[in-house]
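Protein chains: 2
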Amino acid sequence: MKPETRKDEIIKTAAKLFKEKGYSAVTMRDIAAAMGMKAASLYNHINSKQEILKEIIISLAEEFTNEMELIKESNNSCIEKLKQIVELHITITSQNTFGMASLNSDWMHLEEQLDYYLKLRINYEENFRSVLSSGILNKEISNKNTEVILFSMLSTLRSLYIWIPSKEDINIKKLSEQLSDILINGINK
Amino acid sequence: MKPETRKDEIIKTAAKLFKEKGYSAVTMRDIAAAMGMKAASLYNHINSKQEILKEIIISLAEEFTNEMELIKESNNSCIEKLKQIVELHITITSQNTFGMASLNSDWMHLEEQLDYYLKLRINYEENFRSVLSSGILNKEISNKNTEVILFSMLSTLRSLYIWIPSKEDINIKKLSEQLSDILINGINK
DNA sequence: AACCCTAACTAACAAGTGTTAGTTGTATAT
DNA sequence: ATATACAACTAACACTTGTTAGTTAGGGTT
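If you're matching them up, the sequences are chains A and B in order.
So for the first sequence, the working numbering puts the first residue at 2; every next one is plus one.
So for the second sequence, the working numbering puts the first residue at 2; every next one is plus one.
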């Protein structure tokens, strides 16, 4: 829609570098070099290094929070909701693999926004947990340890950013079905 | 067995800090303060910051490599081998959660040892993949996309270090069975 | 008593860090 | 033609970084 501003380009470039080495190991001079300019020039477009991290992480976290809310409130079965959560992760991750790396690995370097991020994260996990719990309650989901299930599914979904880029031209629908199938039905014959 | 040297203490302390903020964000002064000494004093026991990282990561990587080799060469069924891999991860992770954080998040900051680490890692993944493949071949494992299965299981196992510390006094055998069950049989009723 | 080893210290360095101030060239609007 | 805004620049800052050199105190061995 709206054209990409110079600020957007900086954030995108930074996210790429953050994915490779992590927020702390990337310097403003690294980002500037990748943009073909000098470090000081970055400050014509952004206010601080910290702001870059915030922009990357918070927008993604809010996107997850909002979409999760929609899924949770829908009238679908719990299994169906789980499938939608899987697709949600695959969709967002394939659109922004670099940002997802920061979201998962560099959130602890947020400063002012750390509490807000943690709030969103906890909220997301609680909604995820409640989908699982009600699925167990109404016998859609086998009565195994909810926390272990939650941990296992979330671990896989959160790691997608490491794995997705290596797959050239991913088919979101197909990958989503394959992964849902494995997470829900396992691999046993 | 052998008593813990001062060097071991430093490595352990460093690993704890690395888990919280990552290798790059932890300074030698941070490590020294956590040890109750000055940064320069650390160099009576270690040669460099890089050496600390190497000690943490390489010993763990070699442990995984060796154990995986044993599992692979055994005469157990593939499903049984998968269960042993799950238990391997849980055992090592619960013994050294801090080190596992570095292994998973800070390996890219290895310098001289990076190539060696990558060799071990690739070898490990190939052995894992071969267990899955032969399981599919002899119909123990359903014929789903091997790469998606590998990714999903590895993601969960590699994330254990984030999750295990919160469980007070874990029962390795029990957790191992629960997790294997979920990874192999899924959650469907 | 003389020695050495260990393990801490203080002081300092050279390089690198995020960031600010002030300047300059260029395109657009008046 | 003149003014304005944008987006780059150079130079520099105060601080932090990993690391080295040299010193000191204590305990064990000769």
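Positions of the beta carbon are idealized from the N, C-alpha and C atoms, including for glycine.
Please read all numbers here as calculations on a predicted model, not as lab measurements.
{"Query": "In three-state DSSP terms, what is residue 188(A)?", "Result": "coil"}
{"Query": "Work out the CA separation of residue 155(B) and residue 149(B) for me, nearest whole Å.", "Result": "10 Å"}
{"Query": "Name the residue from 189(B), 94(B) and 128(B) whose alpha carbon lies nearest to the alpha carbon of residue 147(B).", "Result": "128(B)"}
{"Query": "Grab me the residues of residue 139(A)'s own chain with a C-beta within less than 8 Å of its C-beta, minus the 5 sequence neighbours each way, in chain order.", "Result": "79"}
{"Query": "So residue 14(A) packs on residue 35(A), CB below 8 Å; how close in whole Å?", "Result": "5 Å"}
{"Query": "Straight-line CA distance for residue 103(A) to residue 68(B)?", "Result": "32 Å"}
{"Query": "Name, in chain order, the residues that DSSP records as bridge partners for residue 142(B).", "Result": "189(A)"}
{"Query": "May I ask which residues mark the beginning and end of the alpha helix (DSSP H) holding residue 106(A)?", "Result": "98-106"}
{"Query": "Can you name the residues of chain A whose CB is closer than 9 Å to the CB of residue 87(B)?", "Result": "Those within 9 Å of residue 87(B) in chain A number zero; the least Cβ separation is about 11 Å."}
{"Query": "Just checking my contact of residue 111(B) with residue 55(B) at CB under 8 Å: how many whole Å lie between their CB atoms?", "Result": "6 Å"}
{"Query": "Return the chain-ordered list of same chain residues with a C-beta closer than 6 Å to the C-beta of residue 117(A), the five sequence neighbours on each side being excluded.", "Result": "none"}
{"Query": "Can you give me the C-alpha to C-alpha distance between residue 31(B) and residue 25(A), rounded to a whole angstrom?", "Result": "15 Å"}
{"Query": "Within 10 angstroms of its Cβ, does residue 96(B) collect 16 or more other Cβ (buried), or is it exposed?", "Result": "exposed"}
{"Query": "Kindly indicate which three-state DSSP category residue 18(B) falls into: helix, strand or coil?", "Result": "helix"}
{"Query": "Nearest-angstrom Cα distance between residue 178(A) and residue 153(B)?", "Result": "13 Å"}
{"Query": "Report yes if the CB atom of residue 63(B) is closer than 9 Å to the CB atom of residue 181(B), and no otherwise.", "Result": "no"}
{"Query": "Considering Cα atoms alone, identify which of 59(A), 136(A) and 157(A) is closest to residue 91(A).", "Result": "157(A)"}
{"Query": "What does residue 149(A) reach in chain B if we use C-beta pairs closer than 7 Å?", "Result": "179, 180 and 183"}
{"Query": "Measure from the alpha carbon of residue 70(B) to the alpha carbon of each residue in 48(B), 41(B), 121(B) and 8(B), then state which is nearest.", "Result": "121(B)"}
{"Query": "Quick one: what's got a C-beta closer than 8 Å to residue 151(B)'s C-beta in the same chain, skipping five residues either side?", "Result": "126, 129, 130 and 133"}
{"Query": "How would you list, in chain order, the residues of chain B whose beta-carbon sits under 8 Å from the beta-carbon of residue 145(A)?", "Result": "179, 182, 183 and 188"}
{"Query": "Anything in the segment 118-141 of chain A with a Cβ closer than 7 Å to a Cβ of chain B? List those residues in chain order, please.", "Result": "140 and 141"}
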